[in-house]
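*Asks:* Quick one: structure below, then a few questions.
Protein chains: 2
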Amino acid sequence: MDDHLTAWTVQVRKGLLEVLVLNALRSAGEAYGYDLVRSLAGHPGGDLGEGTLYPLLSRLRLQGLVATRLVESDAGPARKYYRLTPAGEHTLDAMNDHLDTVLAGWKRLRARRS
Amino acid sequence: MDDHLTAWTVQVRKGLLEVLVLNALRSAGEAYGYDLVRSLAGHPGGDLGEGTLYPLLSRLRLQGLVATRLVESDAGPARKYYRLTPAGEHTLDAMNDHLDTVLAGWKRLRARRS
DNA sequence: CCTGGTACCTTGTATAACGATGTACGAGGT
DNA sequence: ACCTCGTACATCGTTATACAAGGTACCAGG
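Chains as they are written, first to last, in this note's numbering: chain A, 47 to 160; chain B, 47 to 160.
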């Protein structure tokens, strides 16, 4: 029974993780992948691996929602910093609004328990 | 840009639709598929087709979260009524709690805008 | 006889999360 | 020299799901 619940949480994260990352990116102003993994780990529902985040960031870049900037590091490999584009800001607002709407429907149905 | 947003909303619905239906089922006590499509259409984010709902209900039945009851109708084909099982009630509570947790993380990140 | 509403179901396509795996760099220990 | 650890990026295969499109069947009214 727990088996099905964990499978469900995976499905819920689809798309929801995208808004989470975009919001984190806007609040940080600028951040690189490896850092996002660690900072989001503290947030509820923000527990993701690198195999999840890097493809996500790549998609966002291809869609023009974020822009990247390579910065060499003294200790370790170069970091790829991400920040929102104007289109990304606009899209994020639309996403947040959409979530508000959908969740309003959820809360309404949830309240009416028998 | 709207193209990407509509694709995103599809991904958000994955899994989220399942909680919506389960909550609707609990608040109604008992309901059949065709009726759920119409009643959920009024709720924000509850716009779904039959090709979405029927496979969803089948999955829920296979997982033991809902039970079915066939009732013949005077006008039209027989209706398959669905209602939550005890396991379904328990799982639904866990889902609602999980959503509460995840959405708390979303709201926290969303509040901190630059 | 045909249309339209009710009611169920299946198939194919596209998309995303995630674990596993791989690459590469620098610092510190032995 | 060698190894290990932490940093940092990336890709692949599996699995699960929404959705449109299409299909079946029943009943009533024109």
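Quick reminder that beta carbons are idealized off the backbone N, C-alpha and C, glycines included.
Taking one C-beta from the segment 124-137 of chain A and one from the segment 107-114 of chain A each time, how about it: are there three or more such pairs within less than 8 Å?
*Replies:* In short, these stretches touch, since the Cβ pair count reaches three.
*Asks:* Using a C-beta to C-beta distance shorter than 7 Å, which residues of chain A count as neighbours of L155/B?
*Replies:* Your numbering for residue 155/B matches position 109 in the second sequence. Near L155/B (Cβ distances below 7 Å), the residues of chain A are L66, N69, A70, S73 and H89.
*Asks:* Are the C-beta of W112/A and some C-beta of chain B separated by less than 8 Å?
*Replies:* Here the question's residue 112/A lines up with position 66 in the first sequence. Before going on, a small fix: residue 112/A reads as Val here, not Trp. No, no contact with chain B.
*Asks:* Looking only at DSSP bridge pairs, what is L130/A linked to?
*Replies:* By 1-based counting over the first sequence, the position of residue 130/A is 84. DSSP, once it has assigned bridges, lists V112/A as partnering L130/A.
*Asks:* Is the beta carbon of L71/A sitting closer than 8 Å to the one on G91/A?
*Replies:* Stepping through the first sequence from its first residue, residue 71/A is reached at position 25. Stepping through the first sequence from its first residue, residue 91/A is reached at position 45. Against a cut-off of 8 Å, the Cβ pair of G91/A and L71/A comes out as no contact.
*Asks:* Run through DSSP, which three-state label would A124/B get?
*Replies:* Residue 124/B sits at position 78 when you count from the first residue of the second sequence. In the structure shown, A124/B sits in coil (DSSP, three-state: anything other than H, G, I, E or B).
*Asks:* Would you kindly work out how many angstroms separate the C-alpha atoms of S160/A and T98/B, rounded to a whole number?
*Replies:* Residue numbering aside, residue 160/A sits at position 114 when the first sequence is read from its first letter. Residue numbering aside, residue 98/B sits at position 52 when the second sequence is read from its first letter. Note that S160/A has pLDDT 47, beneath the 50 cutoff, so the model's placement of it is unreliable and the number below is only indicative. So the alpha carbons of these two residues sit roughly 26 Å apart.
*Asks:* Using a Cβ-Cβ cut-off of less than 7 Å, list which residues of the segment 76-104 of chain A approach chain B; keep chain order.
*Replies:* Cβ contacts with chain B: H89, P90, G91 and G92.
*Asks:* Between the alpha carbons of A121/A and D81/A, how many angstroms are there, rounded?
*Replies:* Stepping through the first sequence from its first residue, residue 121/A is reached at position 75. Stepping through the first sequence from its first residue, residue 81/A is reached at position 35. If you take the alpha carbons of A121/A and D81/A, they lie about 14 Å apart.
*Asks:* What residue range is occupied by the uninterrupted alpha helix (DSSP H) comprising G79/B?
*Replies:* Counting from one through the second sequence, the residue named residue 79/B turns up at place 33. From DSSP, the alpha helix (DSSP H) with G79/B extends over G79 to A87.
*Asks:* Sorted by chain position, which residues of the same chain lie with C-beta nearer than 7 Å to K126/B's C-beta, five sequence neighbours on each side aside?
*Replies:* Working through the second sequence from its first residue, we reach residue 126/B at position 80. Within the same chain, K126/B has close Cβ partners Y78, G79, T114 and L116.
*Asks:* Taking 7 Å as the limit between beta carbons, can you name the residues of its chain near D93/B, skipping five residues before and five after?
*Replies:* Within the second sequence, the letter at position 47 stands for residue 93/B. So the list reads A87, once near-sequence residues are dropped.
*Asks:* With a cut-off of 8 Å, does the C-beta of G134/B fall near any C-beta of chain A?
*Replies:* The residue you call residue 134/B lines up with position 88 of the second sequence. No, G134/B lies away from the interface with chain A (no Cβ there is under 8 Å from its Cβ).
*Asks:* In angstroms, rounded to a whole number, what distance separates the CA positions of A124/A and S85/A?
*Replies:* Here the question's residue 124/A lines up with position 78 in the first sequence. Here the question's residue 85/A lines up with position 39 in the first sequence. Straight-line Cα distance between these residues: approximately 19 Å.
*Asks:* For a contact defined as C-beta to C-beta under 9 Å, what are the partners of T55/B on chain A?
*Replies:* As a working note, residue 55/B is residue 9 in the second sequence. Result: G61, M141, H144 and V148.
*Asks:* Which one or two residues does DSSP pair with V117/B in a beta bridge?
*Replies:* If you number the second sequence from 1, residue 117/B lands on position 71. In the DSSP output, where bridge partners are listed per residue, V117/B has R125/B.
*Asks:* Please confirm whether T131/B has its beta-carbon closer than 8 Å to some beta-carbon of chain A.
*Replies:* As a first step, residue 131/B must be located in the second sequence, where it is residue number 85. Not closer than 8 Å to any Cβ of chain A, the Cβ of T131/B fails to qualify, so no.
*Asks:* Would the beta-carbon of V56/B fall within 8 Å of that of L62/A?
*Replies:* If you number the second sequence from 1, residue 56/B lands on position 10. If you number the first sequence from 1, residue 62/A lands on position 16. No, the Cβ-Cβ distance between V56/B and L62/A is not below 8 Å.
*Asks:* Kindly indicate if chain B contains any beta-carbon less than 8 Å away from that of T137/A.
*Replies:* Within the first sequence, the letter at position 91 stands for residue 137/A. Yes, T137/A lies at the interface with chain B (some Cβ there is under 8 Å from its Cβ).
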